Amino acid sequence: MPKQVSEENIEEIRRSNDIVDVIGDYIQLKKQGRNFFGLCPFHGEQTPSFSVTQEKQIFHCFGCGKGGNVITFIMEMEGYTFYEALRLLSDKSGIELPEVSDEQKSSISMESQSILSASEWIAKLYHHLLRYTKDGNEGYRYFKDRGIEDDTIDAFQLGFAPNVKDFTAEFLKKKGFHQQILVKAGLLSLTENNIAADRFRSRVIFPIRNHLGKTVAFGGRTISDQEPKYLNSPESELFQKGKLLYNFDLAKKHIRKQSEAVLFEGYMDVISAYQAGVKNAVATLGTSLTDSQARLLRRYVDTVIICYDADAAGNEAAYKAAELLKKTGCQVKIANLRENMDPDDFITEFGAEQFQQEVIKSSLTFTNFYMRYLKKNYNLTLEGDRIQYIEKVLEYLATVDSSVEREYYLQEINDAYNVSMDSLKQEIAGYRQRMGIGKDKINKNRYTNRAPNDNYTKKLLPAFQNAERQLIAYMLQDASVIDKVQEEIGASFNVDDHKIIATYLYAYYEDHEEPDVSMFVEMLEDDRLKQLVTEIAMIPVYDNITHDEINDYIKTILVENSNKQDVQTLKEEQRIAEQQNDPIKAAEIAMQIIELQKQWKKIK
1 MPKQVSEENI
11 EEIRRSNDIV
21 DVIGDYIQLK
31 KQGRNFFGLC
41 PFHGEQTPSF
51 SVTQEKQIFH
61 CFGCGKGGNV
71 ITFIMEMEGY
81 TFYEALRLLS
91 DKSGIELPEV
101 SDEQKSSISM
111 ESQSILSASE
121 WIAKLYHHLL
131 RYTKDGNEGY
141 RYFKDRGIED
151 DTIDAFQLGF
161 APNVKDFTAE
171 FLKKKGFHQQ
181 ILVKAGLLSL
191 TENNIAADRF
201 RSRVIFPIRN
211 HLGKTVAFGG
221 RTISDQEPKY
231 LNSPESELFQ
241 KGKLLYNFDL
251 AKKHIRKQSE
261 AVLFEGYMDV
271 ISAYQAGVKN
281 AVATLGTSLT
291 DSQARLLRRY
301 VDTVIICYDA
311 DAAGNEAAYK
321 AAELLKKTGC
331 QVKIANLREN
341 MDPDDFITEF
351 GAEQFQQEVI
361 KSSLTFTNFY
371 MRYLKKNYNL
381 TLEGDRIQYI
391 EKVLEYLATV
401 DSSVEREYYL
411 QEINDAYNVS
421 MDSLKQEIAG
431 YRQRMGIGKD
441 KINKNRYTNR
451 APNDNYTKKL
461 LPAFQNAERQ
471 LIAYMLQDAS
481 VIDKVQEEIG
491 ASFNVDDHKI
501 IATYLYAYYE
511 DHEEPDVSMF
521 VEMLEDDRLK
531 QLVTEIAMIP
541 VYDNITHDEI
551 NDYIKTILVE
561 NSNKQDVQTL
571 KEEQRIAEQQ
581 NDPIKAAEIA
591 MQIIELQKQW
601 KKIK
């Protein structure tokens with residue numbers, strides 16, 4: 001823990017940042033009983049096992065075991081140092097944080113810090129040129145001709161790089177940045193004469209920001225005849241295009257609010273859609289959707305609407321993206337664009353209201369889209385192709401969980417191709433049987449219809465170990481239990497980790513009158529112990545524990561402790577007897593040990 005930041009300052013920052021609100025910025029949380037549940041951001045899963053308790057201000061994943069408080073979460077999620085996590089949380093809450101040494105400030109390299117700073121300067125420079133100078137007028141006119149308003153230009157910090165070779169290089173040189181680092185980061189490029197020049201000159205600029213709103217890269221589009229048409233920053237420690245989504249920083253609050261994300265293919269589609277009122281718009285960065293991007297979307301929403309170009313290439317890309325999203329557990333819809341149109345063109349021609357109503361809100365189900373998508377492979381005027389098409393559709397419908405949805409589309413096939421419902425249902429049943437699909441699953445990824453404590457499964461542990469865990473759970477939430485446990489057990493817990501936790505708890509309550517699991521976790525320096533404490537803190541306990549229950553736990557622990565000591569004593573006596581060459585006594589002691597262990601097992 002950094003010495004320069006006081007414990008009082010740390011606690012003020014922690015208490016000012018509700019853990020549910022902070023984690024809710026990263027994953028979709030749904031309340032279930034007293035806790036909130038979501039998909040763990042630290043490991044891949046389709047069924048929520050990640051629990052957050054607002055009352056105790058801690059989180060714990062029952063799948064991978066990660067746990068801690070709000071500071072721990074930010075450190076884990078962002079790969080931050082302790083100080084960086086505090087800085088992010090202090091900025092959120094408006095609490096002043098003292099400066100510390102450079103070693104404590106950042107988890108990224110000095111080179112990456114320099115690139116981040118340079119990127120922020122360039123973004124501001126290019127945006128200023130576009131909006132307020134004659135040098136940027138060419139770029140400004142491009143966006144205005146595309147129907148982009150000033151407010152939207154400002155929201156996306158759109159810019160323009162003038163057609164001057166050393167304009168950006170000279171600007172960054174005056175700011176004190178090293179040319180070699182800027183070239184390596186792709187902010188500048190080297191000419192044939194080994195001279196640093198502006199990489200994006202004579203292009204309109206799309207700053208690419210990470211989820212925290214920090215500019216980490218740029219996309220540049222030519223507005224003349226130069227090649228290539230689009231030019232992006234190269235990948236780096238800060239910019240991995242397969243892990244980022246364009247506009248995610250602005251869209252995520254709208255994605256959470258609407259419980260839907262709209263996925264586009266390009267920058268201009270997102271910008272036009274955002275301006276048209278579709279604020280939950282994001283896009284891939286010039287590549288197909290990746291597994292990492294699909295999992296990122298799944299953490300935030302159940303439903304993703306894919307809005308790609310309505311041509312053959314767009315349909316193919318939409319199908320691949322949909323398949324990937326479905327594997328993560330997303331419900332997928334396909335925007336209802338008119339054939340051979342792209343989203344930006346549709347908005348320009350028909351306007352924002354029609355785009356929202358006709359394209360986004362009238363999105364197709366994936367099944368509807370898939371049936372249309374399949375048709376391109378068959379000549380449905382031919383009987384053989386019709387049969388193959390119907391069989392292919394039925395094979396897919398067999399995988400659909402909802403019997404209502406299956407019935408709906410079977411009826412559609414029945415109406416279109418005059419195939420009896422009995423035959424269709426029989427065929428579906430055969431497919432499902434061969435696939436090993438049993439009874440209809442009921443929304444397997446839903447958070448509802450589950451008992452509040454289903455995520456806590458009592459481990460198959462010895463009675464004494466469960467007693468120790470249960471007792472520590474009460475100690476974490478009830479200061480009145482501490483004195484009795486300290487007096488009767490002290491540090492004589494049987495599990496070493498429990499001994500350490502109990503000792504820390506005794507020390508904690510000497511300085512604090514009220515229980516606070518989140519604050520207690522902050523005292524622990526061992527990450528393994530932090531995770532164990534948060535796991536134990538999630539154990540269901542009664543609000544008011546009886547003296548009898550406490551006594552039962554204590555008795556179970558002491559009996560185990562006593563038996564262990566007795567066995568240990570006898571083993572030492574047996575060792576001495578063997579050293580004294582007294583086999584008869586050694587054998588008698590061995591029999592006592594066996595008998596004691598038998599009694600021990602009966603008690604357990």
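The letter at position 533 of the sequence shown is residue 533 when you use the UniProt record's numbering, and the numbering goes up by one with no holes.
Backbone N, C-alpha and C fix where the C-beta goes; we use that ideal spot for every residue, glycine too.
Treat the numbers as computed from the prediction; the structure is a model and nothing was measured.
Residues sharing a beta bridge with residue i, DSSP
i: residue 142; result: According to DSSP, which records beta bridges pairwise, residue 142 is partnered with nothing at all.
i: residue 365; result: 333
i: residue 51; result: 37 and 60
i: residue 215; result: 209
i: residue 32; result: 35
Whole-angstrom distance between residue j and residue i, CA atom to CA atom
i: residue 169; j: residue 225; result: 24 Å
i: residue 432; j: residue 399; result: 7 Å
i: residue 469; j: residue 394; result: 52 Å
i: residue 286; j: residue 270; result: 13 Å
i: residue 191; j: residue 255; result: 43 Å
i: residue 264; j: residue 284; result: 7 Å
i: residue 521; j: residue 156; result: 40 Å
i: residue 588; j: residue 476; result: 45 Å
i: residue 189; j: residue 183; result: 5 Å
i: residue 585; j: residue 579; result: 11 Å
i: residue 133; j: residue 246; result: 27 Å
i: residue 227; j: residue 301; result: 38 Å
i: residue 253; j: residue 211; result: 11 Å
i: residue 449; j: residue 466; result: Confidence in residue 449 is poor, its pLDDT being 37 and thus under 50, which makes the residue's placement unreliable; the coordinate value appears in the next sentence. Distance between the alpha carbons of residue 449 and residue 466 is about 28 Å.
i: residue 136; j: residue 206; result: 14 Å
i: residue 249; j: residue 422; result: 51 Å
i: residue 223; j: residue 317; result: 26 Å
i: residue 70; j: residue 80; result: 13 Å
i: residue 342; j: residue 313; result: 11 Å
i: residue 552; j: residue 483; result: 16 Å
i: residue 4; j: residue 50; result: 33 Å
i: residue 261; j: residue 361; result: 12 Å
i: residue 235; j: residue 221; result: 18 Å
i: residue 410; j: residue 379; result: 20 Å
i: residue 77; j: residue 185; result: 24 Å
i: residue 179; j: residue 86; result: 32 Å
Cβ shell of residue i (< 7 Å), same chain only, five flanking positions each side left out
i: residue 319; result: 373
i: residue 364; result: 333, 334 and 336
i: residue 405; result: 367
i: residue 177; result: 114 and 118
i: residue 493; result: 468, 499, 502 and 557
i: residue 129; result: 135, 136, 159, 160 and 162
i: residue 424; result: 394, 410, 413 and 414
Beta-carbon contacts of residue i that lie in its chain and below 6 Å, excluding the five residues immediately before and after
i: residue 674; result: A query on residue 674 cannot be resolved here, the shown segment of the chain reaching from 1 to 604 and no further.
i: residue 89; result: 13 and 17
i: residue 181; result: 111 and 114
Close-in-space but distant-in-sequence residues of the same chain around residue i (CB under 8 Å, 5 per side omitted)
i: residue 479; result: 509, 513, 514 and 515
i: residue 125; result: 159, 168 and 171
Quick one: complete alpha helix (DSSP H) runs, 4+ long, within the segment 56 to 121? Runs of the alpha helix (DSSP H) inside the segment 56 to 121: 70 to 78, 82 to 93 and 102 to 105.
Within the segment 296 to 343, note down every full alpha helix (DSSP H) run reaching 4 residues or more, in order along the chain. 312 to 327
How do the segment 238 to 245 and the segment 189 to 202 stand: do at least 3 beta-carbon pairs fall below 8 Å, yes or no? no
Within the chosen definition, does the segment 11 to 30 reach the segment 512 to 526 through at least 3 CB pairs nearer than 8 Å? yes
Ordered list of beta strand (DSSP E) runs contained in the segment 230 to 288, each at least 3 residues: Runs found: 230 to 232, 260 to 264 and 281 to 283.
Indicate whether the contact test is met: 3 or more Cβ pairs, each with one atom in the segment 371 to 379 and one in the segment 343 to 350, closer than 8 Å. no
Would you call the segment 269 to 285 and the segment 151 to 158 in contact, with 3 or more CB pairs under 8 Å? These segments touch.
Can you check the segment 165 to 190 for any alpha helix (DSSP H) of at least 4 residues that lies completely inside it and give the ranges in chain order? 167 to 174 and 179 to 184
Counting pairs of beta carbons, one from the segment 494 to 501 and one from the segment 18 to 25, are three or more of them closer than 8 Å? no
Decide if the segment 526 to 544 is in contact with the segment 44 to 60; the criterion is three or more beta carbon pairs, one per stretch, under 8 Å apart. yes
Can you give, in chain order, each stretch of the alpha helix (DSSP H) that sits fully within the segment 457 to 506 and has at least 4 residues? 463 to 477 and 479 to 488
Count the CB pairs spanning the segment 539 to 547 and the segment 472 to 491 that are closer than 8 Å, and state whether there are at least three. yes
Stretch pair the segment 38 to 52 + the segment 21 to 29: three plus CB contacts closer than 8 Å: yes
Does the contact criterion of 3 or more C-beta pairs under 8 Å hold for the segment 160 to 174 versus the segment 84 to 103? The segment 160 to 174 makes no contact with the segment 84 to 103, as fewer than three CB pairs between them are under 8 Å.
Across the segment 406 to 423 and the segment 378 to 392, are there enough close Cβ pairs to call them in contact, namely three or more that are closer than 8 Å? yes
Counting only runs that start and end within the segment 387 to 442, where is the alpha helix (DSSP H) found for 4 or more residues in a row? 403 to 417 and 421 to 435
Evaluate the contact criterion for the segment 323 to 331 versus the segment 288 to 300: three or more CB pairs, one atom per stretch, below 8 Å. In short, these stretches touch, since the Cβ pair count reaches three.
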